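Residue numbers (our numbering): -10 to 154.
Below you'll find the structure, written out as structure tokens, and then a few comments.
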Amino acid sequence: MERFIIAILVSNLAGVLTRVSSLFTRRGFNIDSLTVGETESQEFSRITIAFRGDTYTKEQLIKQLAKLHDVKEIELLDKHETVIRELLLIKVKNTSETRQDILAAVDIFRSKIVDYSTDALCCELTGESSKIEAFIELLKPFGILEMCRTGIVALERGSNCLKSK
């Protein structure tokens, strides 16, 4: 199963996200990551979806998405020509014995401490999913108290843009 990332420009209206996500549900396809937000124009939202499947699955989903009324543009993003990022907030146990090791990990991964207490540190990290995964694995022995990930956001490199025609 190959991983695909598609960017979809949709009308910024109530119910559009439900129609897009239920298209996946009806066909039995799992969404690995889904992010949505308003674009530079209040008229439109951009949905970024990562999913796994074969070429046939990818083509069927794109064709079905194109049939939805509020979908304005769809683009399959080439992972080699795309800037892909994810945000992680992670809260880790803070003890005097582990603090320096955690701070070293934060420094190496170019993360930052966004909240500090005597018993917990909250770190923020932005990067590719593999970097996020590696950071989580490194912090596990210290005791992860809580974490939250955004899912991926992606833009094509260069001047190519996803815009409604």
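Even glycine gets a Cβ: it sits at the ideal position worked out from N, Cα and C.
Small disclaimer: the values here were computed from a predicted structure and weren't measured.
Below 8 angstroms on the Cβ atoms is my contact criterion, and I expect residue i with residue j to pass it. Report the Cβ-Cβ distance as a whole number of Å.
{"i": "L110", "j": "N83", "result": "5 angstroms"}
{"i": "T71", "j": "L144", "result": "7 angstroms"}
Please state if the CB of residue j and the CB of residue i are separated by a distance shorter than 8 angstroms.
{"i": "L(-2)", "j": "S10", "result": "no"}
{"i": "A39", "j": "R74", "result": "no"}
{"i": "E141", "j": "I20", "result": "The question names Glu, but residue 141 is Ile in the sequence shown. Result no, Cβ atoms of I141 and I20 do not sit closer than 8 angstroms."}
{"i": "K222", "j": "E135", "result": "The structure shown does not extend to residue 222, since the chain is modelled only from -10 to 154, so the question has no answer here."}
{"i": "Q53", "j": "L2", "result": "no"}
Using a Cβ-Cβ cutoff of less than 7 angstroms, which residues in the same chain neighbour residue i once the five nearest sequence positions on both sides are dropped?
{"i": "D104", "result": "C111"}
{"i": "T87", "result": "F131"}
Taking just the CA atoms, how far does residue j sit from residue i?
{"i": "V60", "j": "F18", "result": "19 angstroms"}
{"i": "K152", "j": "I36", "result": "13 angstroms"}
{"i": "T115", "j": "L76", "result": "5 angstroms"}
{"i": "G26", "j": "L6", "result": "10 angstroms"}
{"i": "S85", "j": "C137", "result": "25 angstroms"}
{"i": "E32", "j": "E62", "result": "13 angstroms"}
{"i": "T14", "j": "S148", "result": "34 angstroms"}
{"i": "A(-4)", "j": "E64", "result": "5 angstroms"}
{"i": "K68", "j": "C150", "result": "15 angstroms"}
{"i": "I91", "j": "S30", "result": "41 angstroms"}
{"i": "S106", "j": "Q89", "result": "14 angstroms"}
{"i": "I200", "j": "L66", "result": "In this structure the chain extends from -10 to 154, so residue 200 is not present and cannot be described."}
{"i": "D96", "j": "T139", "result": "21 angstroms"}
{"i": "A55", "j": "G4", "result": "16 angstroms"}
Please confirm whether any heavy atom of the ligand NAP lies closer than 7 angstroms to the CB of residue i.
{"i": "S0", "result": "Judged by which ligands are present, the structure shown has none, so any question about the ligand NAP falls away."}
CB-CB under 6 angstroms to residue i, same chain, minus the five flanking residues each way: which ones, in chain order?
{"i": "E113", "result": "L78, K101 and V103"}
{"i": "D108", "result": "N83"}
{"i": "S118", "result": "E75"}
{"i": "S34", "result": "V(-1), N1, V25 and E27"}
Excluding sequence positions up to five away, which residues of its chain have a Cβ less than 8 angstroms from the Cβ of residue i?
{"i": "T44", "result": "E(-9)"}
{"i": "K120", "result": "F98 and L114"}
{"i": "A94", "result": "S100, F124, L127 and L128"}
{"i": "R41", "result": "M(-10), E(-9), R(-8), F(-7), N19 and D21"}
{"i": "R8", "result": "L57 and D59"}
{"i": "R146", "result": "E70, T71 and V72"}
{"i": "R16", "result": "Q49, L50 and Q53"}
Closer than 8 angstroms is the cut-off here; do at least three beta carbon pairs connect the stretch 112 to 129 with the stretch 41 to 56? no
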